[in-house]
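Asker: I'd like to ask some things about the structure below.
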Amino acid sequence: MALLEIKDLRIEFPSRRGTMVAVDKVSLQVNPGEVLGVVGESGAGKSTIGNAVIGLLEPPGRMAAGEVYLKGERIDNLSDREKRKLRGKRIGMIFQDPLTSLDPLQTIEKQLVETIELHLDVTEAEAKDRAVDLLRQVGIPDPEHRVKQYPHQFSGGMRQRVVIALALCAEPEVIIADEPTTALDVSIQAQILELIKKLCVEKNVGMMIITHDMGVIADVTDRVAVMYRGNLVEEGTTAKILGDPDHPYTQSLISAVPRPDKRLDRFPLVEYIESAGETKKSLDIANHWLGQARDFGDHYTGPLIHVENLYMRFLTKNSIFKKNRSYFDAVKDANFEINSGEIFGLVGESGSGKSTIARMISGLYTPAEGSIYFAGTDLTQITTEKKRDHFRRQMQMIFQDPFSSLNPRMKVMDIIAEPIRFHGLASSRAETESIVRDLLDHVGLGVAAAMKYPHEFSGGQRQRISIARALATRPRFLICDEPTSALDVSIQAQILNLLKDLQAELGLTMLFISHDLPVIRQMCDKVGVMRYGQLLEVAETEQLFENPQHEYSQHLLELMPKLTNVKAA
Amino acid sequence: MKQALKRFFDGDLWYSFSHSPVVILSAVITLLIILSAIFAPMIAPHNPFDLASIDIMDSNLPPAWNEFDGDMRFLLGTDDQGRDILSTILYGARISLLVGFASVAFSVVLGVGLGLISGYAGGRTDTFIMRIADVQLSFPAILIALLIDGVARGIFPRDLHDELAVYVLIFAIGISGWVQYARTVRGATMVEKGKEYVQAARVIGIRPGTILFRHILPNVTGPVLVIGTIHLALAIITEATLSFLGVGVPPTTPSLGTLIRIGNDYLFSGEWWISIFPGIALILLVLAVNLLGDWLRDALNPKLR
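Chains as they are written, first to last, in our numbering: chain D, 9 to 577; chain R, 300 to 604.
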C-alpha cells in the first residue's frame, strides 16, 4: 500500500478576475523508502501540491476536488486541529531557506526538544538525548556541544541539516521537501542530497522532493513526476523519465538542461514554453546601427582586460583609529587577462568574490589595490567622471535578478533609451526611438514592447530587456553576472543562445560569472575558479573540465550533478 | 491617457475604493469641504471679512431654529461680533485647508529632499542629517511652532505680522513635520539604492543627482503619499490648536481654530453654537482625511491585499 496517496487533486485560487486553477487532476503516490521527485518550472503548481498535502494552502487557495490518503487514511477532510497534529508528527517538512526556518532566538536544543516533546511521549532528559542523537544522524560533528548553540552559529548547510533533524524528530512517515537545496552551494547540496537519500532508506520513510533542478532529480529520486502548468504530464522511474521521456514537454525540458560532459554549439530550442521569438533575420553588421562606431579610437591589440594584483576590502568594524579597524578581504591578489572576442568565465560558490571582481571592473566598487587595464588604460587611475564615461560606454553589465534590474516606474522605451541619450549616441528623438525598437526586435521581444512597463513581462523577457539596455551603448565588453540563475532552464537556454549569438555577431568580449559549472562549460572559452576571494586556477574551459589542476577545481567538478543516465539531446 | 484611465479603473486601488462605503463617504465629505471652501465667496450668505456688512446688533444670535431669537438670515447663528457662523466656517475652512496643504507640501519637499540625500549619500552626511532629525523629534511640534511664531512676532512689526501670520504658521507647522518624511524616504532610498536598476544606471554613467530624481524618487513616493494624507489632518489640527492658543491667524480673518477659541469664551454663558459648529466641521474634515489616509496606506500595501 502506498504511504501517501494523492488522488485527482484540484486546487483553485479564486480571485475577482476569475478562478485560477493552480493544480488540476494530479494523482501521485509515495511508497515507503522511496524518493519521489516533483519537477517543473516556476508556476507549474509543484509547491502548491506540497502545501495542500500538509494543509498549509494560503487562502484564498482551496482544494476544489480530490483526496489525500496517508496510509490508507483520508487526511484532506480533517479539521485544522487534527491537521496540525499530523504536521510534524506524521508528515515532516523541509523548506527551501534554512536561514529563515529556524528561530534565531532559541538554541537548537530548545527547538528540537520542544518538537520532540510535542509529538512523542518522552521525558525531557530522553528528548535531549534524542536531540543529540538526531544531530549525529544528520552528520553534525560534535553534537553534544553544538546542540547548545544558536542558529546563527551554524553555516547554511549545517542549518539545513538541523532543519532535516527537526523534520525527522517525531519519526514521520512521510517527508515533504520543498526545494531543500536551492539556497545552498553545490558542494553542500551534494552532501545534503546524499543525507536525504540515506535517511530515506534507513528509516524507511517516503519522501517527496519538490524541485526545479534536474540535477537534484537525477541524484536522489527513484521516481519522477513532471508538472506543466498545473497538470501532471508524465510520471515514471527516474531512469525512464531522464533517459527516454515520452511527453514532448519532458523532452524539451531535459534537452534544455546544460550538459556538463560536452560542449554544444547551441542549446536545442525548447518549444512548449513562452515563444522564443528567435525568428529574426541575421544581422547585416556593417550597415546596422549596432555595427557602427565600433572603432573605439585606440588600435590596441593586446588583451582587452588585464587585471593585476587586484584587492578588495570591505570594512567590517569601523573605528576612528586606523589600527582598530578590521576588514574582510573579498578579493585577494587576482590576476587574469581577457583577450578580445573571448568569453571568460568566473566560477565559484557564493561569497567567493566573483561578483566583486565584476563590480570593480564595471566601476561600481573602487579596488583597494591593484590595476584594471581596459584596452591598455588603467581604469583605477582615472579620476574624473567625464574621462570615465568614455570607458563606461564600452563596457556594460547584465545583472542577475531580472525583477530588480529594471526600474518599475519607467517604460521599456525610456529604460533602453537612457544610455543612448546619456552618451549622446543618437542625434534626434526619432532616431533614438527607432534604435530602441530595433534593439528590442533584435533581442526577440518585438517592437510593441517599447510602450509597456517592466512588470508586464516574464523573467526571461525582462532579461532580454536588460540585454537590450546593455547593448544600447554599443559596448565591446559585456559583463554578465549570473544572468540566468534566476530563470527556469528552458528560459535559460533561450537567453544563453541569445548571448552566444550576440557575442558572435558583434565580436563582443565577455566576462561571464556563474556558480553553475555546466553553464560555464557551454558558454566560456576560458575559466577562472574562485574560492574565498582567491583565483585558484585559470584554464581553457575544455582543459579545466577534462583535467583540472587545482584540488578545489577537482572537488567542484566531482560534485557537479552528472546526469549520466540522461539521454543526450 | 485613455489607456491610463482604463488601467486605473481596472486596478486594485479602484476596486478596494469602490467596495468600501466608509472610504467613499470620507472621499465625498473631503471633496465637499474642499469645494465649498474654494467656492466660499459664491455660496456663503455673508462675507464675514467685510466689516461694512456686519452689524454688532446681530451679535451672539442663536441658530435659526431657536424659537426665541432665531434669525433666518443666520442659519447657524452669529458670533460676538455679529458674523454669520456658517459663512465664517466656510471662509475659515479656506484658511485651515490652505495652511494644511501648504505646510504638508513644505514638509514633503524638505523631508523627501533630505531623506533622499541622506539615504543615498550615507556615511557622514547621513549621520549629520539624521542627528538633526533626532534633535528635532525631541521637541513637540507645537513647541517648535510656538517658538517660531514668537520669533516672528519679535522680528516683524505688529501690523505686518497679522498679514504674514498665515505664512508664519505654514512655515512653523511645515518645519516641525519634515522628520517623518525624511526617515521614511531615507529607509526606502537605502533599499532602492541596493537594487540592480540603480547599479545599472551607475554602470551607464548616470550622475547621482539624476539617479536620485529619475530613478529613486518615483519608487519611494508611495509611503510619502500615505503619510501626507495623515499629516494633512494633523497639520489642520495643529493650526487649529495654535489658533486656539492665540498664536495663529488673527481674529479678523478667523480660521476654524480661531473661531473655536472665540466661542470658548462664550461657552459657559450659553452661546454654544460659536464653538460647536466649527468644531463639527473640523472633526468631519480631519476624520474624513484620516480615514482616506488609512485606507490608502492599506490599499497600497501589497501584503494586505
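Heads up, the beta-carbon is just placed ideally off N, CA and C, and yes, glycines get one too.
Computed from a predicted structure; not experimentally measured.
Any contact between the segment 145-160 of chain D and the segment 107-127 of chain D? By contact I mean 3 or more CB pairs, one from each, below 8 Å.
Answerer: Short answer: they touch.
Asker: Looking at the ligand MN, does it come within less than 7 Å of D/ALA383, judged from the CB to the closest heavy atom?
Answerer: No copy of the ligand MN appears in this structure; indeed no ligand is present at all.
Asker: What separation, rounded to the nearest whole angstrom, lies between the Cα atoms of D/HIS314 and D/PHE275?
Answerer: When rounded, the distance between both Cα atoms is 31 Å.
Asker: According to DSSP, simplified to helix, strand and coil, what is D/ILE183?
Answerer: If DSSP states are grouped into helix, strand and coil, D/ILE183 belongs with the strands.
Asker: Going by the DSSP bridge assignment, what does D/ASP386 pair with across the sheet?
Answerer: DSSP output for D/ASP386 lists D/TYR381 as bridge partner(s).
Asker: Quick one: list the residues of chain D neighbouring R/ILE505, beta-carbon separation under 9 Å, in chain order.
Answerer: Residues of chain D passing the Cβ test: GLU426, PRO427, PHE430.
Asker: Can you give me the C-alpha to C-alpha distance between D/GLY285 and R/LEU397, rounded to a whole angstrom?
Answerer: Note that D/GLY285 scores 49 on pLDDT, short of 50, meaning its location in the model is unreliable and no value can be drawn from it.
Asker: Could you work out which residue in D/GLU179, D/GLY164, D/LEU107 is closest to D/ALA139 when comparing CA atoms only?
Answerer: If we check each option's Cα against that of D/ALA139, D/GLU179 comes out closest.
Asker: D/ALA30 lies in the beta strand (DSSP E); which residues open and close that run?
Answerer: 26-38 is the extent of the beta strand (DSSP E) around D/ALA30.
Asker: When the Cα atoms are used, what is the spatial distance from D/LEU387 to D/ASP397?
Answerer: Going from the Cα of D/LEU387 to the Cα of D/ASP397 covers about 11 Å.
Asker: Please report whether the beta-carbon of D/GLY371 lies at a distance below 8 Å from any beta-carbon of chain R.
Answerer: Chain R, which has a Cβ nearer than 8 Å to the Cβ of D/GLY371, makes this yes.
Asker: For chain D, check one thing: does any of its Cβ atoms lie closer than 8 Å to the Cβ of R/PRO517?
Answerer: R/PRO517 counts as touching chain D.
Asker: Could you check whether the Cβ of D/THR115 sits closer than 8 Å to any Cβ belonging to chain R?
Answerer: So, not an interface residue.
Asker: To the nearest whole angstrom, what separates the beta carbons of D/VAL194 and D/LEU564, a pair I think is in contact under 8 Å?
Answerer: Contact holds; Cβ gap of about 7 Å.
Asker: Which residues in chain D sit within 7 Å of R/HIS514, going by Cβ to Cβ distance?
Answerer: By Cβ distance, chain D contributes ASN415.
Asker: Flag R/TYR419 as yes if its beta-carbon sits less than 8 Å from any beta-carbon of chain D, otherwise no.
Answerer: Not an interface residue.
Asker: By Cβ distance below 6 Å, which residues in the same chain neighbour D/LYS91 in space, the five residues on each side in sequence not counted?
Answerer: Here the set comprises GLY63.
Asker: Given R/PHE307, which residues of its chain have a CB within under 8 Å of its CB, disregarding the five upstream and five downstream residues?
Answerer: So the list reads TRP313, once near-sequence residues are dropped.
Asker: Would you mind working out which of D/ASN39, D/SER163, D/ILE204, D/GLY51 sits nearest D/ASP32, comparing C-alpha positions?
Answerer: Measuring from the Cα of D/ASP32, the nearest candidate turns out to be D/GLY51.
Asker: With 16 as the cutoff for other CB atoms within 10 Å, does D/ASN505 come out buried or exposed?
Answerer: Its Cβ being crowded by 16 or more others within 10 Å, D/ASN505 is buried.
Asker: Which residue marks the beginning of the beta strand (DSSP E) containing R/PRO517, and which one marks its end?
Answerer: Where R/PRO517 is concerned, there is no enclosing beta strand (DSSP E), although the alpha helix (DSSP H) it sits in stretches over 516-544.
Asker: Which word fits D/LEU312, buried or exposed, when buried means at least 16 other C-beta atoms lie within 10 angstroms of its C-beta?
Answerer: When all chains shown are included, D/LEU312 counts as buried.
Asker: Of all the CB atoms in chain D, is at least one closer than 8 Å to the CB of R/VAL502?
Answerer: So, interface residue.
Asker: Along the chain, where does the beta strand (DSSP E) containing D/ASN343 start, and where does it finish?
Answerer: Segment 334-346, the beta strand (DSSP E) holding D/ASN343.
Asker: From what residue to what residue does the alpha helix (DSSP H) around R/MET341 run?
Answerer: From DSSP, the alpha helix (DSSP H) with R/MET341 extends over 339-342.
Asker: Going by DSSP, which residues form a beta bridge with D/CYS488?
Answerer: Its beta-bridge partners are D/ILE406, D/PHE520.
Asker: Exposed or buried, D/VAL213, counting other C-beta atoms within 10 Å across all chains shown (16 or more means buried)?
Answerer: Under this definition D/VAL213 is a buried residue.
Asker: Is D/PHE352 helix, strand or coil by DSSP?
Answerer: Strand, per DSSP.
Asker: Counting only beta-carbon separations shorter than 8 Å, does D/PHE407 have a partner in chain R?
Answerer: So, interface residue.
Asker: Taking DSSP's pairing of strands, which residues face D/THR578 in a bridge?
Answerer: A query on residue 578 of chain D cannot be resolved here, the shown segment of chain D reaching from 9 to 577 and no further.
Asker: For D/ARG24, go through chain R and note every residue whose CB falls closer than 8 Å to its CB, in chain order.
Answerer: Those are TYR314, listed as they occur along chain R.
Asker: Would you say R/ILE559 and R/GLY578 are within 8 Å of each other, going by their C-beta atoms?
Answerer: Contact flag set, yes.
Asker: Output yes if chain R places a C-beta closer than 8 Å to the C-beta of D/THR385; else output no.
Answerer: By this cut-off, D/THR385 is not an interface position.
Asker: Compare the C-alpha of R/ILE443 against each of R/ILE510, R/PRO507, R/TRP477 and name the closest.
Answerer: Among R/ILE510, R/PRO507, R/TRP477, the Cα nearest to that of R/ILE443 is on R/TRP477.
Asker: When burial is assigned at 16 or more other CB atoms within 10 Å of the CB, is D/THR364 buried or exposed?
Answerer: D/THR364 is buried by the Cβ-count criterion.
Asker: Spell out the partners DSSP gives D/PHE322 in its beta bridges.
Answerer: According to DSSP, D/PHE322 bridges with D/PHE336.
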